[in-house]
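A short worksheet on the structure shown next.
Number of protein chains: 2
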Amino acid sequence: MPAGVETARDLVGPAIAASVQRLSPEVREVACYHLGLPAAGPRAAGVAPRGTAPGGAGKALRPALALLSARAAGVAQERAVPAAVAVELVHNFSLLHDDIMDGDAERRHRPTAWKAYGIGAAILAGDALLALAQDLLLEGPSPQGLWASRCLSAAVQRLIAGQGADLAFERRTDVTVAECLDMAGDKTAALMACACSIGAIYVGAPAGLAAGLASFGAYAGLAFQLTDDLLGIWGSPQVTGKPARSDLRARKKSLPVVAALASGTRAGRELAELLASPGALSEEDLNRAADLVEQAGGRTWAEAEADSALASAVSCLDKTAMPAGVRDEFAGIAEFVTARQW
Amino acid sequence: MPAGVETARDLVGPAIAASVQRLSPEVREVACYHLGLPAAGPRAAGVAPRGTAPGGAGKALRPALALLSARAAGVAQERAVPAAVAVELVHNFSLLHDDIMDGDAERRHRPTAWKAYGIGAAILAGDALLALAQDLLLEGPSPQGLWASRCLSAAVQRLIAGQGADLAFERRTDVTVAECLDMAGDKTAALMACACSIGAIYVGAPAGLAAGLASFGAYAGLAFQLTDDLLGIWGSPQVTGKPARSDLRARKKSLPVVAALASGTRAGRELAELLASPGALSEEDLNRAADLVEQAGGRTWAEAEADSALASAVSCLDKTAMPAGVRDEFAGIAEFVTARQW
């Protein structure tokens, strides 16, 4: 794991734990359980969190990027901690709500919050984290908190738009690759772009630097989503923290699946038939579906797109002035979270 | 209906409709349906909104209070429209999410958003309205938008805390009247206090005026919640827009019910037994439960508390300097929304 992610965990972890202490007892318990914090109540006993997906970097990835972005502006990363916490809280707001919407029962090798505490409690915990994120930015000593807050809010709106499109795609059979890429841009890349620039914005960096970092983050986020979609089909449960073939099981219109369906190949048509069949898919069906995505070229396409997005991300870094060490850490994190693990 | 509520509807309605247009198509459709706006899609056809509960003032009550609070500061109410819209969006965020948590199938004489569009879509629409509310305050021309945003966010956190307590109460049999009053203070009074002061804050009123208006709003909000709880037992479906005895049906620990349970009377004990019985309550059970709340003194207590809170609210108005016409409009709205309708 890149050193920056470990450092971010040490620096931001206590600040996240402190911020959650502000919540009322009932809401705090659910938030702590979801975040894997020790204050969680009896229902979390015996199910200690054991790392996060993918690659164990999940929990401090966005904070690490936010702290790095402050360093890109030549400012000590400690000054950007509220921004790093805010972006991580928003990420977890979306996880709490998305798990309900997607019906996901497991995350990080544990029952999801709605499974452990009920849908109502998980909705509320998500709401609380979203509001808390904005509080942290607006109450801080930084006069740029207002701008950081607006950037975060814009990312939240895109995240919501992307999740809305994702839900709508589940009921459609004619989703195009372009629509699916747009959706990933909203659902994943927007918050990653925010994470990569919010620290810089919060410490008062020039707009050009913030824009360059946001572009890097948008490409890196797309590469990350493509990698996540590939893991959702070919990743092992040990790596993802979810059941094998989880995206296929849920018949998600993930990027490799949509590319396969839109391929015009015989395998693509067979895949469409298989996914349209009524009832739950058997293990055999799931393996067959994975093979069909591959035969239709969906896997190769997604891997190539991920490589291309990663290259674009690195190119954005090279066009943006920042200390060489910071540039290398950004590139290292982007490469780490998009590394092949299937 | 007080004239201020009608005026607020005319002034704020178009601004709400315009703000919702920023949402992505899938999310916008659900938000419009919930808000009773015409842009809603096919699922809303034939189910035009027909007024709001209680007393038809629901949809513009908080905006009317927000606009009045700007006038209390001697500023034209038009300047406070973004604040009025923001508070109404937050109110609707909470309705969208609470209806899911409470399992409520009807609101304003129509299926609730989650019933019409699914839980996931309703969660998202609520999220979007919450984020939108903050956007409107922070992007506006008013330099006090930041303070207004922080006040609104504090109200949101109390609202979440109150709803969390309310959910927890459902699983408990030993809720005290004091706990229940605290819960109502968080769940209802905090946003009402915010509505009564946010317009003043947004236009730069002195802190003393904002504080006086917030105190008025907190008492008025408590009176409103007590009235709402009484309507939830004795209100007619025509007035509430919900099925008769809806709170008893859901075995809610509403204020009159908790007062009855804590009364130490025989009727209180009988009520506890009835509410603890397994299975759905019959119409006969529901009528019996309402009678038991009344015999145990829960109704008389709640009516007296509502009267007392209303008197305290009016007394706050009288201690706060503002134009007499504005004072009378505030008092008129508070009296209107707590008027006996059972």
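Protein chains in written order, with the working numbering: chain A, 646 to 987; chain B, 646 to 987. Even glycine gets a Cβ: it sits at the ideal position worked out from N, Cα and C. All figures in this text were calculated on a predicted structure; none of them were measured in a lab.
- With a beta-carbon spacing of about 5 Å, D831 (chain A) and A806 (chain A) fall inside the 8 Å limit used to define contacts.
- P788 (chain A) sits in coil when the DSSP states are folded into three classes, being neither helix nor strand.
- Counting the other CB atoms within 10 Å of its CB gives T945 (chain A) a total below 16, which places it among the exposed residues.
- Considering only beta carbons, the part of the segment 773 to 794 of chain A lying closer than 8 Å to chain B consists of A773, L775, A776, L777, Q779, D780, L783, E784, L791, S794, in chain order.
- Rounded to the nearest angstrom, the gap between the Cα atoms of E980 (chain B) and D874 (chain A) is 57 Å.
- Along the segment 860 to 903 of chain B, the alpha helix (DSSP H) occurs as fully enclosed runs of 4 or more residues at 882 to 885, 891 to 894, listed in sequence order.
- Selection A:A705, A:A889, A:Q940, A:G924 evaluated against S908 (chain A) yields A:Q940 as nearest (Cα-Cα).
- Closest by C-alpha distance to K704 (chain B), out of B:R894, B:V903, B:F738, B:R716, is B:F738.
- Contact note: S842 (chain B) does not reach chain A at a C-beta cutoff of 9 Å; the least C-beta distance is about 17 Å.
- The three-state secondary structure of P923 (chain A), taken from DSSP, is coil.
- Check the Cα spacing between S842 (chain B) and each of B:A758, B:C796, B:G809, B:T872: the tightest is with B:C796.
- Taking a contact as a CB-CB distance under 8 Å, the pair G880 (chain A) and K964 (chain A) does not count as one, their CB atoms being some 32 Å apart.
- Contact of E651 (chain A) with chain B is not assigned, every C-beta pair being separated by 8 Å or more.
- Taking 9 Å as the cut-off between beta carbons, the residues of the segment 716 to 745 of chain A near chain B are F738, S739, H742, D743, I745, in sequence order.
- Contact with chain A is absent for A663 (chain B), since none of that chain's Cβ atoms lies less than 8 Å from the residue's Cβ.
- About 5 Å separates the CB atoms of A845 (chain B) and A855 (chain B); that is less than 8 Å, so the two are in contact.
- Taking the C-beta atoms as reference points, T757 (chain A) is found nearer than 8 Å to D744 (chain A).
- Proximity of Q870 (chain A) to chain B, defined by a Cβ-Cβ separation below 8 Å, is not satisfied.
- The beta carbon of E751 (chain B) does not come within 8 Å of any beta carbon belonging to chain A, so the residue lies off that interface.
- The straight-line gap separating the alpha-carbon atoms of A863 (chain A) and A835 (chain A) is approximately 6 Å.
- Rounded to whole angstroms, Q666 (chain B) and M967 (chain A) show a C-alpha spacing of 39 Å.
- Taking a Cβ-Cβ cut-off of 8 Å, G830 (chain B) has no neighbours in chain A, whose nearest Cβ is about 12 Å from it.
- Cα atoms of L804 (chain B) and S960 (chain B): separation of roughly 25 Å, rounded to the nearest angstrom.
- Residues of chain A whose Cβ lies closer than 7 Å to the Cβ of A766 (chain B) are, in chain order, L812.
- For P659 (chain A), the secondary structure class from DSSP, reduced to helix, strand or coil, is helix.
- Closer than 8 Å to the CB of G809 (chain B) there is at least one CB belonging to chain A.
- Shown here, R755 (chain B) sits in a strand according to DSSP, grouped into three states.
- Under a criterion of Cβ atoms nearer than 9 Å, the residues of chain B adjacent to S669 (chain A) are, in order, Q802, R803, I805, A806, G807, G809, A810, D831.
- Scanning A:V720, A:D811, A:A718 for the CA closest to the CA of D747 (chain A) turns up A:D811.
- Distance from the Cα of T983 (chain B) is smallest, within the candidate group B:A895, B:K897, B:L871, for B:L871.
- For V672 (chain B), the nearest beta carbon of chain A is closer than 8 Å to its own beta carbon.
- Using a CB distance cut-off of 8 Å, S798 (chain A) counts as an interface residue toward chain B.
- With respect to chain B, the C-beta atom of L682 (chain A) has no partner C-beta closer than 8 Å.
- Scanning B:E928, B:M646, B:L962, B:L769 for the CA closest to the CA of P888 (chain B) turns up B:E928.
- For a Cβ distance threshold of 8 Å, residue set H742, M746, I805, Q808, G809, L812 of chain A lies close to L769 (chain B), ordered along the chain.
- Taking 8 Å as the cut-off, the Cβ atoms of S794 (chain B) and L777 (chain B) do not count as close.
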